[in-house]
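First comes the structure, then the notes that go with it.
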Amino acid sequence: MVPLWMFLVVSAAVFCIGVYGVLSRRNAVAILMSIELMLNAVNINLLAFWRFVAPQNMAGQAFAAFVFVVAAAEAAVGLAIVIAVYRNRRSVIVEDVNLLRG
Amino acid sequence: MLELNASTLVFFIFAVLSIGGALGVVMSRNLIHGALFLIVSLFGGAGLFVLLAAPFMAAVQVLVYIGAIAILIIFAVMLTRSMTNMREVFNRQWWVSAIAAVILLAVLIVGVALPVWGPNGTQGDMVLSETTATIQDLGVALVDGNQFVLPFELASLLLTAAMVGAIVIARDNE
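Chains S and D are the protein sequences, given in the same order.
Numbering of the first sequence is given in this note's numbering, commencing with residue 319 and proceeding in unit increments.
Numbering of the second sequence is given in this note's numbering, commencing with residue 77 and proceeding in unit increments.
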């Protein structure tokens, strides 16, 4: 079996790629995709620690399941917001959405 | 220290799928390609879940993430005509973001490696238990009054609220 730290390194790499995407992309849909990547990295981390530290305890898997639920809710609401913004501003570029700028 | 057997090979295949797909999501100019790379990355994650003895999570990953969220993202790309403006993919501070992400990755890798190879590291000699909890245990835990029944019900409430909210926000109010 592969040791724990390799799972953690993979998870950290995916998370950092997601951070880079959130900070640098201009398209709102691409930012949402990067957030999904980060949540997926968190799930890899949770399940790796569950398997290596407490495989008889269900808390790790249950927590990962709740992360799935939150990710699904976040994607649905986020994409609805993107579509609503597109309807009003005819753009999904986040720099064009500056209605609240003073 | 790392014997080369089937599970190691499978781990590297899925790790490469996971990281490569993630890079494709961030780098691809065409958002439809980005969504397809997202599917590749999530599939790699599902493979890692199988390796971690969590087959239910892998099935949920394929059903919910790949079957629902990725398709939802592709729909959003089509509905918002995100394909028309593909000249500048990144914003002006993309290099600052890249430096920040690389620094974060370095910090995380140091934090992962020090407990293993540090001065009083464990060298990865963690004893891996053979028996793991099964899907049945997960199902019981989710509806057990002493364990996760309250978060479980709250999760269903959250999903209902998110569904209602998504419909209300995205609806054309003419």
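Beta carbons are placed, not taken as given, at the ideal position from N, Cα and C, and that holds for glycine.
Since we're looking at a predicted model, the values are computed, not measured.
When DSSP assignments are scanned along the segment 131-176 of chain D, the uninterrupted stretches of alpha helix (DSSP H) that are 4 or more residues long and fall wholly within it turn out to be 131-136, 146-155. Looking at D:L214, D:T236, D:N249, the one whose alpha-carbon comes closest to that of A377 of chain S is D:L214.
Distance from the CA atom of S329 of chain S to the CA atom of V244 of chain D, rounded to whole angstroms, is 35 Å. Distance from the CA of A176 of chain D to the CA of Q212 of chain D, rounded to the nearest whole angstrom, comes to 42 Å.
For A122 of chain D, the closest C-alpha among the options D:A135, D:V172, D:V186 is that of D:A135. Closest by C-alpha distance to V178 of chain D, out of S:L341, S:C334, S:D414, S:V340, is S:C334. With a 10 Å radius around the Cβ and a threshold of 16 neighbouring Cβ atoms, I145 of chain D comes out buried.
Here DSSP, grouped into helix, strand and coil, assigns R369 of chain S to helix. No Cβ-Cβ contact shorter than 8 Å links V347 of chain S with V403 of chain S. Taking 9 Å as the Cβ-Cβ cut-off, the segment 334-347 of chain S approaches chain D at C334, I335, G336, V337, Y338, G339, V340, L341, S342, R343, R344, N345, A346, V347, given in chain order. Of the candidates S:S352, S:M319, S:R343, S:M324, the residue whose Cα lies closest to the Cα of R168 of chain D is S:R343. If you check the CB distance, A189 of chain D and V332 of chain S do not come in under 8 Å. Beyond the five residues adjoining it in sequence on each side, L355 of chain S comes within less than 8 Å, by CB distance, of V332, F333, I335, G336, G339 in the same chain, given in chain order.
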